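Worksheet for the structure shown next.
Number of protein chains: 2
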Amino acid sequence: MHDIGFIRDLAIVMLVAGAATLIFHRLRQPALLGYILVGVLIGPHTPGPLVADPRTINDISNLGVVLLMFTLGLEFSVRKLRSVGAGVLVAAVAEVGLMLWFGYSLGEWLGWSRIDALFLAAMVALSSTMVASRMLAEGKLRHQPFARLVVGVLVAEDVMAVVLLTVLTAVALGGTVAADAISVVWHLGLFVVVGLILGLLLLPRLVDHVAGYGRDEVLLICVLGICFGACLLAASMGFSVALGAFLAGAVVAESRSSGRVVHLVEPLRDMFAALFFVAIGLKIDPAMLYHYIGPALIIAVVVVLGKTFAVSLGVFLTGHDARTSMRTGLSMAQIGEFSFVMATLGVSLGVVSDFIYPVAVAVSVLCMAMSPYLVRSADRIVDGMSRVVPRPMRSLARSYSEWLENLRPVDENAVIAAMFRRFLWHIGVNIALVVTLFVIGAYVNAHNWRFFSQFGIDRDTRHSVIWACALFLSLPMLIAVYRKSDALGMLLAELGIRERFAGQYTFAIRNVLARIIPLLTLVALALLVVALSSAILPPRGVALMLIVAGVLAALVLWRGLVRLHARLQAALKDTLSPDGPTALPSKSTEKQDGAGAS
Amino acid sequence: MHDIGFIRDLAIVMLVAGAATLIFHRLRQPALLGYILVGVLIGPHTPGPLVADPRTINDISNLGVVLLMFTLGLEFSVRKLRSVGAGVLVAAVAEVGLMLWFGYSLGEWLGWSRIDALFLAAMVALSSTMVASRMLAEGKLRHQPFARLVVGVLVAEDVMAVVLLTVLTAVALGGTVAADAISVVWHLGLFVVVGLILGLLLLPRLVDHVAGYGRDEVLLICVLGICFGACLLAASMGFSVALGAFLAGAVVAESRSSGRVVHLVEPLRDMFAALFFVAIGLKIDPAMLYHYIGPALIIAVVVVLGKTFAVSLGVFLTGHDARTSMRTGLSMAQIGEFSFVMATLGVSLGVVSDFIYPVAVAVSVLCMAMSPYLVRSADRIVDGMSRVVPRPMRSLARSYSEWLENLRPVDENAVIAAMFRRFLWHIGVNIALVVTLFVIGAYVNAHNWRFFSQFGIDRDTRHSVIWACALFLSLPMLIAVYRKSDALGMLLAELGIRERFAGQYTFAIRNVLARIIPLLTLVALALLVVALSSAILPPRGVALMLIVAGVLAALVLWRGLVRLHARLQAALKDTLSPDGPTALPSKSTEKQDGAGAS
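Line by line, the protein sequences are chains A and B. Read in full-length UniProt numbering, the first sequence has 170 at position 170, and its numbers run on one by one without any break. Read in full-length UniProt numbering, the second sequence has 362 at position 362, and its numbers run on one by one without any break.
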């Protein structure tokens, strides 16, 4: 109790944060800006340092990132991503890609090293979820059509942030961009898919069960346990803790009580986010900022113009009118928390130059300070633009919009497209499950071999046992894939071979096509299983015998396995169904707003 | 991001805490018990230590105490304390006094040093607010008559905990118990009164204003700023941060939005409380526990029997029936968070022996584990007791209850007693305000003399200026005291001198009495002012002139000052009025339940 050095530092931070949030709320500026500035003021670099030892503050401010990513995950959810639509996803990918290219080129133009330019690219690519969604809420713009787009693009960007973090880590730890990026994305994808599927099967039920106790503190501590447990798991696999927290949030979001969880976690997120941003300010030496004000200003201009342009273009190309696109772009013309996370990553890995961190902060502060004005004068900017843009370009834009509108499937085609998508989705999920099983098998094989050798099991037997388990557990999924592809084949045959083309052969050709597709699927599945099991393939004889046994089992138990799969599918579907969990529509809007708390 | 040593430790702690809360909820045991036990399990003293560096965890677990005391303060409130009634306060003081005596005697009997015995006394004196109120909530006993008593005694104990903490610090830092205790209690009382009055005038308005923004995160960060600011203030004055947090909570509790504040702060409290209790476990070496199991068992027995007896006796003596008293006692037969706070204080001051901390933990764990069984079988225990107790004692108890019942003022007397109390309360508050002003004067004099000397103001002039300010600012309050005591004198005269006793002299005697009381008050006030201003008394000539000026000002401005005081009083009353803030009755029960979250 009397060793209050840390508590004193924290108390000072919270006191100035409280003052900052009040003052910046009155000034109608983002609170984040206030946190960073008071951080600089009380930091060790300014005369009369108030915070003596920023180390511990820095330590616990990292909790801010974990809780931030967790709540972002809570607001992201497979359901919401589906409702946002594929268009927004495409727009976000295009926009982030463009910004990455801008950033990298800018870094090269400034004469920075390759790795500095790479981190600059990552820093300018992602908008600030906190700032953008806060401004929507404060400007009472939440129900405008573009607000939905902003939230959608932000969610998609959050996912890409996780990918970028992981890729950057791998690149920074040595190796070429291309090869590493592919390997990392492959591993990452695997981790995410395995984590999501296992998590979705277990955790939402657990959370709902705990929520049934009716004790907020039990629910909170359990959810935090899940969040930090996922962080541990991700870290032990070599991924960032942010990824773990994000996945944990996305999984918990599928529980019926996710609204209550958001409510409980938000105060924690707000407190640690404040700490996080003050800690950013604490690290800043104003002299350093002054030194690099030139590049910072250039980068800030590139961010504001580039982001507005890239987002507007992405949104426009995926079929929205020019005004909506511009407003979406202007709302996202800033960088924020992710830039700090990226810069911190570079610094802690020791790969980027010293000036990257202060430049990142300076650019973010400049963009954040500009952001409210951009959003407030969006209408005027759009009007001004439309007067400046030459007439041919405008008519080109209009005809593009019309062409896109015509492309949309209508009536019967829309129904068939929906069926088609559903079949592909089912096949994808089942293949992902099979991959999961074999990956778990490979993992068990690689890590627990001492356990097996304890029982005198040699390498071959071990391989055979694990492979057999994976194969037999995959049977329901494999059968499901076969059945779905059968149905898909028939659908395709029906659609693809119209009577007017094939005439009298219609029926025969349809029949062949309907057979060929499941047959091809079978071959593809066999190849997949072999490829997956390369690490744990038993001796050839055993493998053959096991395959025969598997096929026999599949034939004999066909009905049972189909039923088993139906039950599994129902369990998963129950968790993901749009009208099942969360229930209240008001809850989901509430969750969207929550995205912007800081 | 990659330096995740601390996050890894924290993640492990939160993961096991989540598991513990689930398991112990199923076992119907207090979660605190689970936290402590898993803390021991993952601590550095057990084989296979999981938490590598408990230092940072320990650092931030201290936040648990701050937030705990803050929420206790939020649930305590002047209003609630008044509704609990003076009887409960008397019962709590009697009970804690008895337990302090038991604890000290036990320490001496065990052959411990004086200071060890003193800390033991403090450790066993206070029940666990978390455990007791949690059990009430879980056993659905909240609406039983004794539950109100338990909550009342717990609130009173919380206040005494603050006093004990401060007294123990002073005693431990050298000096005798008696002299130091008095000086500490005096300073403490002054700090509390000054803090409460200034706080009550400013902070509830500020909080309500901020709450009006309708942004939870702004409100939360502001309230945390207030809480930690009060901690800083208390620490800089030499008091514990716990006291600052408690006072901040008590002040914020008077705002209209205290319900929302409780809601926002609770998740933080729950998370840090979990950390706090796991950190307690982390510090425990099971070998040490085993070594001191004998004393721990003896102390645990004394706590359970002593607490039950002391609380039951206190409650019974203040006029409740035997069954209610026993149930109240059984609900409070445990020690908890305060014991750890006291033990930690002793350890960090370096004054107690090494074994105190593990003994405190062992005793608390034993008591907490026993507590649910005691509460659940309270009825059977009471029945058993009533069969064992000899008949004469029972009839004695009954006649005591009846006698007490007869003492209560009824009808006309009740109204007069209420008026009487109100006058005394007003006089007390006004005198407190006067004291506050002079204390601020003394503080300004002691700390800011460099500021004065800058302007070439010498010691005498400084004293004169400060004293004059304090005196003139006190005038409205002094006049108010005089007027109230005038009214009190008339009331007393009317009541005290009944016609049947004084006969024909009734009127004359009444007149004398009604004059004497305000006159005595004036003299007392003059003495008070002189005593208060001993540090800043100006030279005699100046003082006399100032007094004359003051009296003249009082006479001339009498009406204006009365009006000014009325306005001040209205401002304070508005903050404290029972039907003003908080408004909804359901809110206040909600706040009571909140007391028990962990």
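A virtual CB, placed ideally from N, CA and C, is assigned to each residue, including glycine. Note that the structure is predicted; figures quoted are calculated from it, not measured.
Item to check | Range covered by the alpha helix (DSSP H) that runs through R387 of chain A | outcome: 378–388
Item to check | Contacting positions in the segment 242–268 of chain B - beta carbon closer than 8 Å to chain A | outcome: A242, L264, V265, E266, P267, L268
Item to check | Three CB pairs or more closer than 8 Å across the segment 11–21 of chain B and the segment 240–259 of chain B | outcome: no
Next on the checklist: Measuring straight from C-alpha to C-alpha, what distance separates G456 of chain B and N445 of chain B?
Outcome noted: 15 Å
Checklist entry - Excluding five sequence neighbours on each side, which residues of the same chain lie with their C-beta closer than 7 Å to the C-beta of V352 of chain B? => result I115, D116, F119, G346
Item to check | Contacting residues, own chain, Cβ-Cβ under 6 Å from L126 of chain A (five flanking each side not counted) | outcome: E157, A161, F338
Checklist entry - DSSP on I284 of chain B, reduced to helix/strand/coil? => result coil
Item to check | Where the segment 56–68 of chain B meets chain A: residues whose CB sits under 9 Å from a CB there | outcome: T56, D59, I60, N62, L63, V65, V66
Checklist entry - Taking the C-alpha atoms as reference points, what is the distance between D59 of chain B and D53 of chain A? => result 13 Å
Checklist entry - Who are the Cβ neighbours of A480 of chain B in its own chain at under 6 Å, not counting the five residues just before and after it? => result N430, H565
Item to check | Residue from A:G336, A:V388, A:R327 with nearest C-alpha to R376 of chain A | outcome: A:R327
Checklist entry - Who are the near neighbours of A432 of chain A in its chain, counting only those whose CB is closer than 7 Å to its CB and skipping five residues on each side? => result V193, I197
Item to check | Collapsed DSSP secondary structure at S128 of chain A in the structure displayed | outcome: coil
Checklist entry - Is I221 of chain B helix, strand or coil when you go by DSSP? => result helix
Item to check | Proximity winner among A:S464, A:G541, A:L471, relative to T436 of chain A (alpha-carbon distances) | outcome: A:L471
Checklist entry - If you drop the 5 nearest sequence neighbours on each side, which residues of the same chain put their C-beta closer than 6 Å to that of L98 of chain A? => result A310
Checklist entry - Taking the continuous alpha helix (DSSP H) assigned at K140 of chain A, which residues delimit it? => result Careful: K140 of chain A lies outside any alpha helix (DSSP H) and carries neither H nor E.
Checklist entry - Does DSSP put A19 of chain B in a helix, a strand or coil? => result helix
Checklist entry - Can you find a CB in chain B that lies within less than 8 Å of the CB of V218 of chain A? => result yes
Item to check | Identity of the residue in A:V163, A:A417, A:V218 nearest L32 of chain B by Cα | outcome: A:V218
Item to check | Within chain A, partners of M271 of chain B - CB distance below 8 Å | outcome: L220, I221, L224, L268
Checklist entry - Apart from the five residues just before and just after V523 of chain B, which ones in its own chain have a Cβ nearer than 7 Å to its Cβ? => result none
Item to check | Interfacial residues, the segment 5–20 of chain B to chain A, with Cβ spacing under 9 Å | outcome: G5, F6, I7, R8, L10, A11, I12, V13, M14, L15, V16, A17, G18, A19, A20
Item to check | Status (buried if at least 16 other CB within 10 Å, exposed otherwise) for P286 of chain A | outcome: exposed
Next on the checklist: Please report whether the beta-carbon of E590 of chain A lies at a distance below 8 Å from any beta-carbon of chain B.
Outcome noted: Bear in mind that the predicted position of E590 of chain A carries a pLDDT of just 39, short of 50, making it unreliable; the figure below should be weighed with that in mind. Not an interface residue.
Checklist entry - When burial is assigned at 16 or more other CB atoms within 10 Å of the CB, is L519 of chain B buried or exposed? => result exposed
Checklist entry - If you draw a straight line from the C-alpha of G281 of chain A to the C-alpha of N62 of chain B, how long is it? => result 24 Å
Checklist entry - For the 8 Å Cβ check, are there 3 or more pairs between the segment 34–47 of chain A and the segment 284–301 of chain A? => result yes
Next on the checklist: If we define contact as Cβ-Cβ less than 8 Å, is F228 of chain A a contact residue for chain B?
Outcome noted: yes
Checklist entry - Is C469 of chain A near G441 of chain A, with beta carbons less than 8 Å apart? => result yes
Checklist entry - Quick one, which of A:R483, A:L532, A:V542, A:V278 has its alpha-carbon nearest L10 of chain A's? => result A:V278
Checklist entry - For R462 of chain B, is the classification buried or exposed, using 16 other Cβ atoms within 10 angstroms of its Cβ as the cut-off for buried? => result buried
Checklist entry - In chain A, which residues lie with their C-beta within 9 Å of the C-beta of L151 of chain B? => result The question names Leu, but residue 151 of chain B in the sequence shown is Val. Within chain A, no residue comes near V151 of chain B; the closest Cβ sits about 18 Å away, beyond 9 Å.
Checklist entry - Counting along the chain, where does the alpha helix (DSSP H) carrying residue 601 of chain B start and finish? => result Outside the shown range of chain B, which is 1 to 598, sits residue 601 of chain B, and nothing can be said about it.
Checklist entry - Where does I335 of chain A sit, in a helix, a strand or coil, going by DSSP? => result strand
Checklist entry - Within 8 Å (strictly less), CB to CB, does Y292 of chain B reach chain A? => result no
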